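In our numbering, the protein residues as written are 864 to 1500. Have a look at the structure below, then the notes.
Next comes the structure, spelled out in structure tokens:
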């Protein structure tokens, strides 16, 4: 894996620093850093792969404004305060390339002598751009530069965030007629059960085939994902040079969860100079902004405001933040997450050791309030089925993996090549996993767990699950708009796997009322409710297939609990069929929303668990995270 390296003057022929002095020498001469701190930072630099100024700031040895002043002296460039001297509005308006301001780290600032003067936070990079002379550049801090970009380029960046994914791969270009046709076929199939025997036989045969494939895939995954198998490429290897990691944490109306996430982040053990956490806030979310302002954030955590725009979804916020990422790896955490303290290290080791085609790693998810009630217990079993059994098996079988929406980490360059997240897809994670596979990239699972809050009430659970299922339906329709291309990209195994994973799961929930109606009728009358419309030669195998599907899932549940070391949860496995009834309600809600609100993000409420309320950290707990020198963190607004 390519890791970032310190930028040296020799990279830019003809644009060497004017002073000829090293940045550390200048900082010591200016009294901005001690010789001892400089020596310690220089000793760490080969392992950190970051610039000296960034390393010194992260260690609390100096502050960004002193580094900017030293860079200005080194390169012979004026240093400005962008808050006191903001860019000229007319100069900005005349620029037609606002989308490149972040890429080039150059922002039009003022006119002098008929030439545009640009501001930068990165003189070595700026001076390497064609047509840039020393008199055309001034220097500011990174925080001020990014704030100016947010202030003046918000409309351009917001539009790019909404449409970052190529049109042919986004659900935003998925014609409504295609959705109607796809779901119409499903309606015809279900309606056929009350119509003539020919249609009923065809519908039953299709359902039988899909159920058989879904059951077979789950059984194969259970057998392929062997317990105790090491998933990490290099779980205990100390890297000589650690990669830089950006972690994006989107928040929306989450005032009560701010201390939770800051405490969880503070418990991680990754080198702070290589960690850049961005808390993403929507422009209209003043309440959460006030809650964040009340917490003392260390300098490796910053706040990024996502401009107003449509659709108001998590992937749009992630796309906006992607332009402000500078690391080698980009990770996603949700506000209620509690990752293992060594998760970032495990991710870094895995991606450094893995082949380049491994573009992403998914950490396992679990719940910290799993024992709260029967819904959370069943939710925990379901998550264990997915992460301890099925996902491991899919990885071994070489199948495309629908990613989880959190604790997933990407090589940043691969993410840029893919076009980021589909801002209009309400399960952007699953869609991105499929797009990775279609480009020949792989996702692998890492043996690290993130604990989050399980929905503990029926209605919030249904709302969350309906969004997931609606997203799976949209993702299936999007990728199946050109089945020939999908077959060519994934091959036969991947083609079948994608259809079974996305369509099979949704159909299982949608067909569940039929299964329950048949079972209840048979229990009361001894006859099948479908006996009059489905031929007997199909009715029996269909019933056996549906029953076998349930048995395989219950077996996966038992295996998952044993692999996780949670035998106490085995007694709750028989409750899963009742729990899945909630999924059927969610599935039909998803079908309705697919027509009337396909891009609506039915937000999950967090912080409602009684267990969480008993263990929530206070604001003071959340900020007890000094840097490695023991210096206290400072408040930033």
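For every residue, glycine included, the Cβ atom is placed at its ideal position computed from N, Cα and C. In this text, all values refer to a predicted model and were calculated from it rather than measured experimentally.
Between which residues of its own chain and residue i is the CB-CB distance below 8 Å, once the five residues before and five after are set aside?
i: residue 1073; result: 1363, 1366, 1367 and 1370
i: residue 1421; result: 1433 and 1436
i: residue 1410; result: none
i: residue 1273; result: 1192, 1193, 1194, 1222 and 1223
i: residue 1210; result: 1108, 1192, 1194, 1224, 1226, 1272, 1309 and 1311
i: residue 1318; result: 1238, 1239, 1242, 1324, 1327 and 1467
i: residue 1253; result: 1081, 1084, 1085, 1088 and 1419
Can you tell me whether DSSP reads residue i as helix, strand or coil?
i: residue 1301; result: helix
i: residue 972; result: strand
i: residue 1040; result: The predicted position of residue 1040 is uncertain, since its pLDDT is 47 and thus under 50; a value taken from the coordinates is nonetheless stated next. The answer is helix: DSSP assigns residue 1040 an H, G or I state.
i: residue 1287; result: coil
i: residue 817; result: Residue coverage of the chain in this structure runs from 864 to 1500, which leaves residue 817 outside it and unanswerable.
i: residue 1147; result: coil
i: residue 1078; result: helix
i: residue 1177; result: helix
i: residue 955; result: helix
i: residue 1201; result: strand
i: residue 1517; result: The structure shown does not extend to residue 1517, since the chain is modelled only from 864 through 1500, so no value can be given for it.
i: residue 1014; result: helix
i: residue 926; result: coil
i: residue 1140; result: strand
i: residue 888; result: helix
Leaving out five residues before and five after residue i in sequence, what residues of the same chain have Cβ atoms less than 7 Å from its Cβ?
i: residue 904; result: 915, 918, 919, 922 and 924
i: residue 1241; result: 1435, 1438, 1439 and 1442
i: residue 1539; result: In the structure as shown, the chain starts at 864 and stops at 1500, and residue 1539 therefore has no counterpart that could be examined.
i: residue 1103; result: 910
i: residue 1143; result: 1111, 1112, 1113, 1114, 1167, 1169, 1180 and 1184
i: residue 895; result: 925, 929 and 933
i: residue 884; result: 937
i: residue 1154; result: 1118 and 1121
i: residue 935; result: 941, 942 and 1002
i: residue 1208; result: 1132 and 1133
Would you please state the rounded distance, in angstroms, between the beta carbons of residue i and residue j? I believe it to be under 8 Å.
i: residue 1088; j: residue 1259; result: 6 Å
i: residue 971; j: residue 955; result: 6 Å
i: residue 1222; j: residue 1266; result: Residue 1222 to residue 1266, Cβ: 11 Å. No contact.
i: residue 1150; j: residue 1125; result: Actually they do not touch by this definition, with Cβ atoms about 16 Å apart.
i: residue 1271; j: residue 1330; result: Actually they are not in contact, since the Cβ atoms of residue 1271 and residue 1330 sit about 17 Å apart, beyond 8 Å.
i: residue 1262; j: residue 1357; result: 7 Å
i: residue 1464; j: residue 1175; result: 7 Å
i: residue 1275; j: residue 1188; result: 6 Å
i: residue 1256; j: residue 1075; result: Rounded, the Cβ-Cβ distance is 17 Å, inconsistent with contact.
i: residue 1503; j: residue 965; result: Nothing can be reported for residue 1503, as the shown portion of the chain is limited to 864 through 1500.
i: residue 1000; j: residue 989; result: 5 Å
i: residue 1424; j: residue 1229; result: Contact doesn't hold; Cβ gap of about 12 Å is too wide.
From which residue to which residue does the alpha helix (DSSP H) around residue i run?
i: residue 1508; result: Nothing in the structure corresponds to residue 1508, since the chain is present only between 864 and 1500.
i: residue 1384; result: 1368-1388
i: residue 1195; result: Looking at the DSSP string, residue 1195 is not in any alpha helix (DSSP H); the run it does join, the beta strand (DSSP E), is 1192-1195.
i: residue 1222; result: No alpha helix (DSSP H) holds residue 1222; the beta strand (DSSP E) holding it covers 1221-1230.
i: residue 986; result: 986-990
i: residue 1346; result: 1346-1362
i: residue 1244; result: 1237-1247
i: residue 1108; result: Looking at the DSSP string, residue 1108 is not in any alpha helix (DSSP H); the run it does join, the beta strand (DSSP E), is 1108-1114.
i: residue 1333; result: 1321-1342
i: residue 1253; result: Element bounds for residue 1253: n/a, residue is neither H nor E.
i: residue 1026; result: Looking at the DSSP string, residue 1026 is not in any alpha helix (DSSP H), and its letter there is neither H nor E.
i: residue 1267; result: Unbroken run through residue 1267: none, as it is neither H nor E.
i: residue 899; result: 898-911
The beta strand (DSSP E) with residue i in it runs from where to where?
i: residue 981; result: 978-983
i: residue 1273; result: 1271-1274
i: residue 1168; result: 1164-1169
i: residue 999; result: It is not in any beta strand (DSSP E) - residue 999 carries neither H nor E in the DSSP assignment.
Got a sec? Which residues, its chain only, sit under 6 Å from residue i by beta carbon, not counting five neighbours each side?
i: residue 1170; result: 1017, 1021 and 1146
i: residue 985; result: 968
i: residue 1027; result: 1182, 1282 and 1283
i: residue 1470; result: 1119 and 1120
i: residue 1086; result: none
i: residue 1474; result: 1232 and 1235
i: residue 1372; result: 1446, 1447 and 1450
i: residue 1203; result: 1311 and 1312
i: residue 1030; result: 1036
i: residue 1323; result: 1468
i: residue 1386; result: none
i: residue 1245; result: none
i: residue 1375; result: 1447
What do you reckon, is the C-beta of residue i under 8 Å from a heavy atom of the ligand COA?
i: residue 1168; result: This structure simply doesn't include the ligand COA, nor any ligand for that matter.
Counting Cβ pairs closer than 8 Å, one from the region 1225-1238 and one from the region 1177-1189, do we hit at least three? Counting Cβ pairs under 8 Å, fewer than three are found: no touch.
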